[in-house]
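Chains as they are written, first to last, in UniProt numbering: chain A, 1 to 192; chain B, 1 to 307. Report on one structure; see the data block that follows.
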Amino acid sequence: MVRLKNRYLLVDILYPDPKTWPTTPTTKPHNPQLAIHSPTSDALTQGFLAKMIRDSVAELYGDYGIGKLGGATAGGITIKYLSPATSTAIVRCPRAAFRLVWSALTYMSGVPEPASGQKRAGTGRERGCVFRVLRVSGTMRKAEEEAIRRARREIVRVKDAEEKGVLGGLVGGGSSVVDCVMDESEDEGIDG
Amino acid sequence: MFYDLNVPYSPDDPEVPHTLNFLAELGYTTVALSQTINGKLPPTLAAPPLPTNAPKSLQLLTRLNLTLADPAQNQRLAALSQAYDLVALRPTNEKSLLNACTNLECDVISVDLSVRLPYHFKFKMLSAAISRGIRIEICYGPGITGSGLDARRNLIGNATSLIRATRGRGIIVSSEARRALSLRAPWDVINLACVWGLSQERGKEAVCEESRKVTALAKLRRTSWRGIVDIVHGGEKAKPEGPAPKQKVAPKTKEPAQPETGADNLKRKASVSSELVPEDADKPLSKREIKRRAKKARFDAKGENAT
Chain A
1 MVRLKNRYLL VDILYPDPKT WPTTPTTKPH NPQLAIHSPT SDALTQGFLA
51 KMIRDSVAEL YGDYGIGKLG GATAGGITIK YLSPATSTAI VRCPRAAFRL
101 VWSALTYMSG VPEPASGQKR AGTGRERGCV FRVLRVSGTM RKAEEEAIRR
151 ARREIVRVKD AEEKGVLGGL VGGGSSVVDC VMDESEDEGI DG
Chain B
1 MFYDLNVPYS PDDPEVPHTL NFLAELGYTT VALSQTINGK LPPTLAAPPL
51 PTNAPKSLQL LTRLNLTLAD PAQNQRLAAL SQAYDLVALR PTNEKSLLNA
101 CTNLECDVIS VDLSVRLPYH FKFKMLSAAI SRGIRIEICY GPGITGSGLD
151 ARRNLIGNAT SLIRATRGRG IIVSSEARRA LSLRAPWDVI NLACVWGLSQ
201 ERGKEAVCEE SRKVTALAKL RRTSWRGIVD IVHGGEKAKP EGPAPKQKVA
251 PKTKEPAQPE TGADNLKRKA SVSSELVPED ADKPLSKREI KRRAKKARFD
301 AKGENAT
């Protein structure tokens with residue numbers, strides 16, 4: 001049977017720039033982990049994110065890239081899941097083009113932030129951000145499980161940090177991304 | 001595990017703690033903070049003080065970027081390498097690149113890939129550098145944000161030709177990101193290297209193993225004898241505890257062994273210096289002992305002149 005093969009990219013949006021961090025009501029200093037993972041504005045919809053990625057692919061790879069994604073109209077990119085509260089998304093793309101999509105995500109550097117009063121995306125200014133691909137997987141279920149696993153671990157980390165105070169929280173800073181992003185063979189072995 | 005060996009740094013920059021926090025959040029473990037010097041060197045050189053409030057998961061190194069235009073310039077590279085953990089050269093023309101590849105003592109060669117280069121990379125030149133233990137660096141930072149369309153195009157083109165010329169060996173990838181916004185997570189960088197023409201394994205090596213080799217080699221060059229022999233533990237601690245009283249009583253029985261150790265003092269400096277310690281016991285010297293010391297002193301002086 002002929003089957004269309006896809007890749008699911010689990011993406012999260014990080015905000016490294018302190019100027020774009022949301023203001024806290026108290027005078028307490030920011031927990032940097034929490035602020036880097038701060039929520040995205042609702043102006044970023046699924047359709048708009050897909051359009052942003054498609055534009056970025058078009059800018060980097062031109063007609064060849066768009067063609068490889070499956071044509072301008074059909075648009076091989078679908079946003080399967082987008083949660084502005086946790087700044088997480090799952091992007092589906094054709095397997096042949098996942099590196100194009102991934103590098104397009106790497107070259108993207110902002111999400112829309114509506115200016116006061118305006119509701120439509122794309123009209124306001126840009127808020128600087130970094131798109132990080134956490135996981136490349138062959139099935140949607142694995143991407144979802146990974147998202148849940150990571151969210152759980154983040155919560156534990158932030159809670160630990162709260163207990164130890166701001167300085168203590170920096171101890172476990174690097175451990176979250178060290179594990180492997182690319183283990184497709186395992187995914188396909190399980191679900192294929 | 002993941003290395004970013006080029007983060008521009010100046011001690012009075014307010015952005016530095018944010019950048020370091022973000023690097024730790026992305027999963028980097030070792031970061032080299034770099035200082036760039038153009039043209040003439042200032043008379044006294046010391047690495048700027050490291051930031052004190054850095055995340056604990058990051059290991060910080062100091063690095064010097066030295067722009068190299070004229071190959072005739074004497075740059076006192078030996079003195080420089082003592083002050084910094086890493087020394088990188090940035091040749092601006094083909095002649096100085098050739099010079100850096102074949103002669104100069106450095107750890108990393110980092111060509112500015114975001115401008116149009118009027119020459120091609122040659123395998124012979126680059127392989128000479130790689131066989132000397134010098135790695136070639138690709139900085140992805142200028143191509144990501146801010147520097148315009150041309151910088152991105154040039155970076156992709158130059159990186160591709162560099163990867164082709166080195167056949168994928170001896171390349172490290174680092175950020176050279178002036179702001180936290182142009183930093184990228186390690187796996188995103190590996191994917192970029194894949195798009196540029198490295199294989200996935202080589203791309204991972206460029207961020208992990210090759211960069212680790214650079215830091216390890218640089219450390220060896222600075223601490224050890226010609227980068228080959230290093231003293232891990234000289235055994236100095238154990239001496240004064242146990243056999244100390246014994247040596248005070250019977251230095252004369254040990255004396256005949258002395259000239260022998262003196263003969264190969266060129267090679268075993270650490271052990272000679274540690275053996276000299278018990279000799280300065282406060283007791284009157286015999287004539288024989290005085291003569292022997294004078295002879296030894298002369299021998300040492302001769303040995304130092306010879307080296």
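A virtual CB, placed ideally from N, CA and C, is assigned to each residue, including glycine.
Worksheet item: When DSSP labels each residue in this structure, what does F121 of chain B get in the three-state scheme?
Response: Within the second sequence, numbered from 1, the residue matching residue 121 of chain B stands at position 121. Of the three classes helix, strand and coil, the one that applies to F121 of chain B here is coil, per DSSP.
Item to complete: Report all residues from its chain with a CB closer than 6 Å to the CB of L97 of chain B; omit the five preceding and five following residues, and keep chain order.
Response: Sequence index remark: in the second sequence, residue 97 of chain B carries index 97 (1-based). The residues are P91.
Worksheet item: Near V101 of chain A, which residues of its chain fall below 6 Å by C-beta distance, leaving aside the five closest residues on each side in sequence?
Response: Within the first sequence, residue 101 of chain A is the residue found at index 101, counting from 1. C93.
Worksheet item: What residues from chain B crowd round S109 of chain A, counting only those whose CB sits closer than 9 Å?
Response: Here residue 109 of chain A corresponds to residue number 109 of the first sequence, with the count starting at 1. The contacting residues are I144, T145, G146, L181 and S182.
Item to complete: Name, going along the chain, the residues of the stretch 33-46 of chain A whose beta-carbon falls closer than 8 Å to a beta-carbon of chain D.
Response: Going by chain labels, chain D is absent from the structure shown, which instead holds the protein chains A and B.
Practice prompt. Report the neighbours of D12 of chain B on chain A: residues whose CB is nearer than 8 Å to its CB, in chain order.
Written response: Counting from 1 along the second sequence, the entry for residue 12 of chain B is found at position 12. None at all; the shortest Cβ gap to chain A is about 17 Å.
Practice prompt. List the DSSP bridge partners of G128 of chain A.
Written response: Indexing the first sequence from 1 puts residue 128 of chain A at position 128. G128 of chain A is bridged to A:G110.
Practice prompt. Give the interface partners of P94 of chain A over in chain B, defined as CB-CB distance under 7 Å, in chain order.
Written response: The residue given as residue 94 of chain A occupies position 94 in the first sequence. What P94 of chain A touches in chain B: nothing, since even the nearest Cβ is about 16 Å away.
Worksheet item: Since V7 of chain B is in the beta strand (DSSP E), which residue starts that stretch and which ends it?
Response: As a working note, residue 7 of chain B is residue 7 in the second sequence. Residues F2 to P8.
Fill in: Residues that T78 of chain A bridges to, as DSSP identifies them
Within the first sequence, residue 78 of chain A is the residue found at index 78, counting from 1. According to DSSP, T78 of chain A bridges with A:R92.
Practice prompt. Report the partner residues of V2 of chain A according to the DSSP bridge assignment.
Written response: In the first sequence, residue 2 of chain A corresponds to position 2, counting from 1. For V2 of chain A, which the question treats as bridged, DSSP gives no partner whatsoever.
Practice prompt. Could you tell me whether any Cβ in chain A is nearer than 8 Å to the Cβ of P259 of chain B?
Written response: Taking the first residue of the second sequence as 1, we reach residue 259 of chain B at position 259. Annotation note: pLDDT 46 at P259 of chain B (below 50); position unreliable, no value reported.
Worksheet item: Under three-state DSSP, which class holds S34 of chain B?
Response: Along the second sequence, one-based indexing puts residue 34 of chain B at 34. The answer is strand: DSSP assigns S34 of chain B an E or B state.
Fill in: Cβ of V195 of chain B within 8 Å of any chain A Cβ
Taking the first residue of the second sequence as position 1, residue 195 of chain B is located at position 195. Answer yes: the Cβ-Cβ gap between V195 of chain B and chain A drops below 8 Å somewhere.
Fill in: Rounded straight-line distance, which links the Cα of A96 of chain A to that of R178 of chain B
Taking the second sequence and counting its residues from 1, one reaches residue 178 of chain B at position 178. Taking the first sequence and counting its residues from 1, one reaches residue 96 of chain A at position 96. Distance between the alpha carbons of R178 of chain B and A96 of chain A: 34 Å.
Worksheet entry | Span separating the alpha-carbon of Y81 of chain A from that of W187 of chain B | Residue 81 of chain A sits at position 81 when you count from the first residue of the first sequence. Residue 187 of chain B sits at position 187 when you count from the first residue of the second sequence. Their backbone Cα atoms lie some 22 Å apart in a straight line.
Worksheet entry | Distance, A47 of chain B Cα to N83 of chain B Cα | Here residue 83 of chain B refers to the residue found at position 83 of the second sequence. Here residue 47 of chain B refers to the residue found at position 47 of the second sequence. Residue 83 of chain B is actually Ala in this sequence, not Asn. The alpha-carbon atoms of A83 of chain B and A47 of chain B are separated by roughly 6 Å.
Item to complete: Spell out the partners DSSP gives Y8 of chain A in its beta bridges.
Response: Counting from one through the first sequence, the residue named residue 8 of chain A turns up at place 8. Bridge partners of Y8 of chain A: A:R92 and A:S137.
Worksheet item: Does the Cβ-Cβ distance between S182 of chain B and I156 of chain B come in under 8 Å?
Response: Residue mapping note: residue 182 of chain B aligns to position 182 of the second sequence, counting from 1. Residue mapping note: residue 156 of chain B aligns to position 156 of the second sequence, counting from 1. No. Outside cutoff.
Discussion item. Under 8 Å, Cβ to Cβ, is there at least one residue of chain B near D191 of chain A?
Written reply: Here residue 191 of chain A refers to the residue found at position 191 when the first sequence is read from its first residue. The pLDDT assigned to D191 of chain A is 41, lower than 50, so where the model puts this residue is not dependable; a value taken from the coordinates is nonetheless given after this. So no, D191 of chain A is outside the interface.
Discussion item. Taking its Cβ as the centre, do 16 or more other Cβ atoms sit within 10 Å of P142 of chain B, making it buried, or is it exposed?
Written reply: Locating residue 142 of chain B in the second sequence gives position 142, where the first residue counts as 1. With 16 or more other Cβ atoms within 10 Å, it is buried.
Discussion item. My output table needs one value for R63 of chain B: the three-state DSSP class, helix, strand or coil.
Written reply: As a position in the second sequence, residue 63 of chain B is number 63, starting the count at 1. Strand.
Practice prompt. Pull up the distance between the alpha-carbon of H18 of chain B and that of K302 of chain B, whole angstroms please.
Written response: As a first step, residue 18 of chain B must be located in the second sequence, where it is residue number 18. As a first step, residue 302 of chain B must be located in the second sequence, where it is residue number 302. Using only the alpha carbons, I get a separation of about 56 Å.
Worksheet item: Which residues share a DSSP beta bridge with Y84 of chain B?
Response: The sequence position of residue 84 of chain B within the second sequence is 84, counting from 1. Y84 of chain B pairs with nothing; no bridge assigned.
Discussion item. Just to make sure I have the definition right: I need the residues of chain B whose C-beta is within less than 8 Å of the C-beta of R99 of chain A. Which are they?
Written reply: On the first sequence, residue 99 of chain A is found 99 positions in, with the first residue counted as 1. Chain B residues near R99 of chain A: N191, C194 and V195.
Discussion item. Could you compute how far the alpha carbon of I171 of chain B sits from the alpha carbon of E163 of chain A?
Written reply: The sequence position of residue 171 of chain B within the second sequence is 171, counting from 1. The sequence position of residue 163 of chain A within the first sequence is 163, counting from 1. If you take the alpha carbons of I171 of chain B and E163 of chain A, they lie about 42 Å apart.
Fill in: Rounded separation between F2 of chain B and K68 of chain A - CA only
Along the second sequence, read from residue 1 onward, the residue named residue 2 of chain B stands at position 2. Along the first sequence, read from residue 1 onward, the residue named residue 68 of chain A stands at position 68. Their backbone Cα atoms lie some 32 Å apart in a straight line.
Practice prompt. Find the nearest neighbour of T160 of chain B within the set B:I231, B:L68 and B:L117, judged by alpha-carbon distance.
Written response: What you label residue 160 of chain B is simply residue 160 of the second sequence in a count that begins at 1. Closest by alpha carbon: B:L117.
Practice prompt. Could you please tell me which residues of the stretch 128-140 of chain A, in chain order, have their CB closer than 7 Å to any CB of chain B?
Written response: G128, V130, R132 and V133
Worksheet item: Does the Cβ of K124 of chain B have 16 or more other Cβ atoms within 10 Å, making it buried, or fewer, making it exposed?
Response: Here residue 124 of chain B refers to the residue found at position 124 when the second sequence is read from its first residue. Exposed, because fewer than 16 other Cβ atoms sit within 10 Å of the Cβ of K124 of chain B.
Practice prompt. Can you grab the Cα-Cα spacing for the pair L23 of chain B / K296 of chain B, in whole Å?
Written response: As a first step, residue 23 of chain B is located in the second sequence; it is residue number 23 there, counting from the start. As a first step, residue 296 of chain B is located in the second sequence; it is residue number 296 there, counting from the start. Using only the alpha carbons, I get a separation of about 55 Å.
Item to complete: Could you work out which residues of chain B lie near T106 of chain A, taking near to mean beta carbons separated by less than 7 Å?
Response: Here residue 106 of chain A is taken as the residue at index 106 of the first sequence, counted from 1. Simply R184, D188, N191 and L192.
Discussion item. Is there a C-beta anywhere in chain A that falls below 8 Å from the one on N38 of chain B?
Written reply: To locate residue 38 of chain B, count along the second sequence from 1; it is residue 38. No - not a single Cβ of chain A is within 8 Å of the one on N38 of chain B.
Worksheet item: Quick one: what's got a C-beta closer than 6 Å to S10 of chain B's C-beta in the same chain, skipping five residues either side?
Response: For this step, residue 10 of chain B is matched to residue 10 along the second sequence. No residues qualify anywhere along the chain.
Worksheet item: Using DSSP with H/G/I as helix, E/B as strand and the rest coil, what is P91 of chain B?
Response: Against the second sequence, residue 91 of chain B aligns to sequence position 91. Note: P91 of chain B maps to strand in three-state DSSP.
Worksheet item: Does the beta-carbon of A69 of chain B have 16 or more other beta-carbons within 10 angstroms, so that it is buried, or is it exposed?
Response: Along the second sequence, read from residue 1 onward, the residue named residue 69 of chain B stands at position 69. Exposed, since its Cβ has fewer than 16 Cβ neighbours within 10 Å.
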